[in-house]
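To start, the structure itself, in structure tokens.
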Amino acid sequence: MLLGLGSGAVYAALGLGIVLAYRGSGVISFAHGAMAMLAVYTYAELRSTGDLVVPVPGLPDRIHVAAEVPLVPALFVALGVSALLGFLVHLVFRPLRNAPALAKVVASVGIMLVLQAVVLLRFGTKTRSLAPILPDEGVDVLGVTIPRDRFWLAGLAVLLGIALWALFLHTRFGLATRASAENEKGAILLGLSPDRIAAANWVMASMVAGLVGILVAPVTGVDPLKFTLLVVPALGAALVGRFSSFGWTVAGGLALGAGQSVITKLQTDYSWVPRVGVKEGLPFLVVIAVLFVVGRRLPDRASLATAQLPVAPSPRRLAITASASVATGTAAMLVLRGGYRFGLIVSLVVAVVCLSLVVLTGYVGQISLAQMALAGIAGFALSKLADGAGIPFPFSPSLPSRSPRRSASSSGSRRCASGG
Numbered sequence: 006m007l008l009g010l011g012s013g014a015v016y017a018a019l020g021l022g023i024v025l026a027y028r029g030s031g032v033i034s035f036a037h038g039a040m041a042m043l044a045v046y047t048y049a050e051l052r053s054t055g056d057l058v059v060p061v062p063g064l065p066d067r068i069h070v071a072a073e074v075p076l077v078p079a080l081f082v083a084l085g086v087s088a089l090l091g092f093l094v095h096l097v098f099r100p101l102r103n104a105p106a107l108a109k110v111v112a113s114v115g116i117m118l119v120l121q122a123v124v125l126l127r128f129g130t131k132t133r134s135l136a137p138i139l140p141d142e143g144v145d146v147l148g149v150t151i152p153r154d155r156f157w158l159a160g161l162a163v164l165l166g167i168a169l170w171a172l173f174l175h176t177r178f179g180l181a182t183r184a185s186a187e188n189e190k191g192a193i194l195l196g197l198s199p200d201r202i203a204a205a206n207w208v209m210a211s212m213v214a215g216l217v218g219i220l221v222a223p224v225t226g227v228d229p230l231k232f233t234l235l236v237v238p239a240l241g242a243a244l245v246g247r248f249s250s251f252g253w254t255v256a257g258g259l260a261l262g263a264g265q266s267v268i269t270k271l272q273t274d275y276s277w278v279p280r281v282g283v284k285e286g287l288p289f290l291v292v293i294a295v296l297f298v299v300g301r302r303l304p305d306r307a308s309l310a311t312a313q314l315p316v317a318p319s320p321r322r323l324a325i326t327a328s329a330s331v332a333t334g335t336a337a338m339l340v341l342r343g344g345y346r347f348g349l350i351v352s353l354v355v356a357v358v359c360l361s362l363v364v365l366t367g368y369v370g371q372i373s374l375a376q377m378a379l380a381g382i383a384g385f386a387l388s389k390l391a392d393g394a395g396i397p398f399p400f401s402p403s404l405p406s407r408s409p410r411r412s413a414s415s416s417g418s419r420r421c422a423s424g425g
């Protein structure tokens with residue numbers, strides 16, 4: 006459990022940033038891990054090459070600052086980039102202030118994907134390692150050696166939670182933020198500016214994410230995908246705090262990290278514990294449990310107006326449109342070659358997945374971020390049916406496999422290949 010304090014502290018600190026953003030602007034930020042990732046890469050590049058990478062298209066890629074940038078200046082520059090990023094994110098959500106929650110979620114996911122793409126374009130895809138910032142000497146606890154930085158990270162998460170609790174309880178800024186969250190119209194009548202309050206909260210949330218990301222990067226390594234996905238357990242921690250309590254958010258994050266560490270121990274000691282997916286699925290189980298217990302009591306940030314989703318009209322001239330689309334797609338499939346044909350195939354596959362979102366989100370109003378994962382599961386099942394059970398395409402996507410299990414022989418591989 007003590008070994009899990011490091012990852013738990015990251016979940017807790019990122020969860021604090023999510024709570025900050027929600028209390029200030031009413032947005033549940035799915036981009037918070039990606040925002041921390043940009044600060045980490047900025048710091049890493051300053052320390053390794055002395056270059057400040059500019060992540061804005063159309064501007065110079067990098068600015069050479071010095072041959073070697075010391076730790077403290079690099080840290081402050083990275084935090085400055087985080088502050089600027091937080092303000093820019095606020096500008097994205099500012100026009101969506103009265104938009105439905107679905108529009109804000111889509112914008113948040115879009116920011117996450119844009120930041121991930123910017124990091125890949127500017128910094129590359131290689132995983133980086135950073136020199137330790139916090140003391141990492143071993144400490145003997147109950148006969149087990151625990152790196153000292155785990156305790157430092159946990160202490161930092163607790164201190165951040167206490168500081169934010171005091172800020173929102175005992176300062177005018179915190180009172181103004183709570184007033185705007187409960188009644189924006191009343192806050193405006195009192196002379197407060199919900200827009201400026203939201204901007205300040207976004208800046209603070211982004212800086213908290215950047216600071217924690219930089220401190221934990223020497224432990225986890227610097228990887229675009231890993232930092233982006235840290236938002237999942239961070240959302241679990243924020244949900245434990247009901248998007249309002251900093252103390253419960255910290256407790257939830259630390260408990261999540263400790264629980265994942267215990268699962269790792271169980272996987273080592275017992276062969277019946279699955280080796281894949283259990284630890285990663287723990288935040289999801291926590292989310293389900295919290296929603297089941299306190300789902301109806303989760304706070305809903307007030308807004309000036311409640312916007313409705315756009316009307317989904319019934320399709321017209323469906324036969325003509327479908328026939329023309331099928332004819333155009335078939336002709337393009339026969340004419341195009343190489344990368345263009347592959348691009349068309351990928352576009353058609355993504356279009357089918359998007360149709361599921363039209364049904365689920367456009368007509369039912371449900372938000373789903375798992376459609377591509379469901380498509381991947383279906384593709385995996387198809388490969389097992391075709392290669393392992395010998396059921397060729399197009400029967401394998403539509404028929405369940407009832408045949409006995411057997412290995413993929415050469416004849417089965419030929420049948421799979423001939424079937425498509």
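With the working numbering, letter number 404 in the sequence shown gets 409, and the count goes up by one each step, no holes.
Where is the CB? At the ideal position from N, CA and C, for every residue including glycine.
Predicted, not measured: the structure shown is a model, and the values here were computed from it.
### Query
Val298: buried (16+ other C-beta within 10 angstroms of its C-beta) or exposed?
Around the beta carbon of Val298, fewer than 16 other beta carbons lie within 10 angstroms, which makes this residue exposed.
### Message
On a Cα-Cα basis, can you pick out the residue from Gly252, Ser134, Ser211, Asn206 that is closest to Val227?
### Response
Looking only at Gly252, Ser134, Ser211, Asn206, the smallest Cα-Cα distance to Val227 is reached by Ser134.
### Query
Roughly how many whole angstroms lie between the Cα atoms of Leu118 and Ala79?
Their Cα atoms are separated by approximately 25 Å.
#### Entry: Closest residue to Gly264 among Gly241, Gly246, Ser249, Ser250 (Cα-Cα distance)
Comparing alpha carbon positions, the residue from Gly241, Gly246, Ser249, Ser250 closest to Gly264 is Gly241.
### Query
Which residues mark the beginning and the end of the alpha helix (DSSP H) in which Gly381 is found?
376 to 388 is the span of the alpha helix (DSSP H), which, as asked, contains Gly381.
### Query
In chain order, which alpha helix (DSSP H) runs of at least 4 residues are fully inside the stretch 314 to 363?
Entirely contained in the stretch 314 to 363, the alpha helix (DSSP H) runs reaching 4 residues are, in chain order, 323 to 340, 343 to 362.
#### Entry: Three-state secondary structure (DSSP) of Arg155
In the structure shown, Arg155 sits in a helix (DSSP, three-state: H, G or I).
#### Entry: Own chain, CB closer than 7 Å to Leu7, minus 5 neighbours either side, in chain order
Excluding residues within five positions, the ones whose Cβ falls inside 7 Å are Val146, Ile151, Arg155.
### Query
Alpha carbon to alpha carbon, how far is Ala171 from Val114?
Roughly 31 Å separates the two Cα atoms.
### Task
Look at Leu21 and Val224 and say whether their C-beta atoms are less than 8 Å apart.
Val224 sits away from Leu21, with the two beta carbons spaced by 8 Å or more.
### Message
Buried or exposed for Ala378, going by 16 or more other Cβ atoms inside 10 Å?
### Response
By the neighbour-count criterion, in which 16 or more other beta carbons inside 10 Å mark a residue as buried, Ala378 falls on the exposed side.
### Task
Taking only runs that begin and end inside the stretch 159 to 219, name each unbroken alpha helix (DSSP H) of 4 or more residues, in chain order.
If we require 4 residues or more, the alpha helix (DSSP H) runs fully inside the stretch 159 to 219 come out as 177 to 187, 189 to 194.
### Query
Whose CA, out of Arg52, Ala83, Gly395, Ala294, lies closest to the CA of Glu73?
Comparing Cα-Cα distances from Glu73 to each of Arg52, Ala83, Gly395, Ala294, the minimum goes to Arg52.
### Query
With burial defined as no fewer than 16 other Cβ atoms inside 10 Å of the residue's Cβ, what is the status of Lys109: buried or exposed?
Classified as buried, Lys109 has 16 or more neighbouring CB atoms from the shown chains inside 10 Å of its CB.
### Query
Does the distance from the CB of Phe98 to the CB of Val32 come in under 8 Å?
In this structure, Val32 lies closer than 8 Å to Phe98 by Cβ.
### Message
Mapping the DSSP letters down to three states, classify Ile23 as helix, strand or coil.
### Response
It is helical.
### Message
Which residue marks the beginning of the beta strand (DSSP E) containing Leu139, and which one marks its end?
### Response
Unbroken run through Leu139: none, as it is neither H nor E.
### Query
From which residue to which residue does the beta strand (DSSP E) around Asp274 run?
Careful: Asp274 lies outside any beta strand (DSSP E), inside the alpha helix (DSSP H) at 251 to 274.
### Message
Within 10 Å of its beta-carbon, does Arg201 have 16 or more other beta-carbons around it, so buried, or fewer, so exposed?
### Response
Answer is exposed; the Cβ neighbour count stays below 16.
### Query
Is it right to say Pro65 is buried, meaning 16 or more other beta carbons lie within 10 angstroms of its own, or is it exposed?
Pro65 is exposed by the Cβ-count criterion.
### Task
Compare the C-alpha of Gly13 against each of Lys284, Asp392, Ser330, Pro397 and name the closest.
Comparing Cα positions, the closest option is Lys284.
### Message
Please identify the residue among Val208, Ala184, Ala324 whose C-alpha is closest to the C-alpha of Leu195.
### Response
Answer by Cα proximity: Ala184.
### Message
Taking a contact to mean a Cβ-Cβ separation below 8 Å, would you say Ala41 touches Phe232 in this structure?
### Response
Going by C-beta atoms, Ala41 is nearer than 8 Å to Phe232.
### Query
Roughly how many whole angstroms lie between the Cα atoms of Pro279 and Val292?
Those two C-alpha atoms are separated by around 21 Å.
### Whole-Å CB distance - Val236 paired with Leu19, under 8 Å assumed
The pair is a contact, with the Cβ atoms about 7 Å apart (cut-off 8 Å).
### Under 8 Å between C-beta atoms of Val354 and Val221
Cβ distance not < 8 Å, so Val354 and Val221 don't count as in contact.
### Task
Have a look at Leu25 and Ser276 and give me their C-alpha separation to the nearest angstrom.
Distance from the CA atom of Leu25 to the CA atom of Ser276, rounded to whole angstroms, is 42 Å.
#### Entry: Residues bridged to Val149 (per DSSP)
For Val149, which the question treats as bridged, DSSP gives the partners Val146.
### Message
Going by DSSP, what residue range makes up the beta strand (DSSP E) through Arg67?
### Response
That run of the beta strand (DSSP E) goes 67 to 69.
### Sub-8 Å separation of Ser266 and Gly9 beta-carbons
Less than 8 Å separates the beta-carbon of Ser266 from that of Gly9.
### Query
Counting along the chain, where does the alpha helix (DSSP H) carrying Val299 start and finish?
Secondary structure note for Val299: its alpha helix (DSSP H) is the uninterrupted segment 283 to 299.
### Query
Just checking my contact of Ala122 with Leu84 at CB under 8 Å: how many whole Å lie between their CB atoms?
Not confirmed; about 23 Å, so no contact.
### Neighbour-count burial assignment, Thr427, 16 or more Cβ in a 10 Å radius
The displayed coordinates of the chain run from 6 to 425. Any statement about residue 427 would go beyond what the structure contains.
### Cβ pair Leu323, Ala159 closer than 8 Å
The beta carbons of Leu323 and Ala159 sit no closer together than 8 Å.
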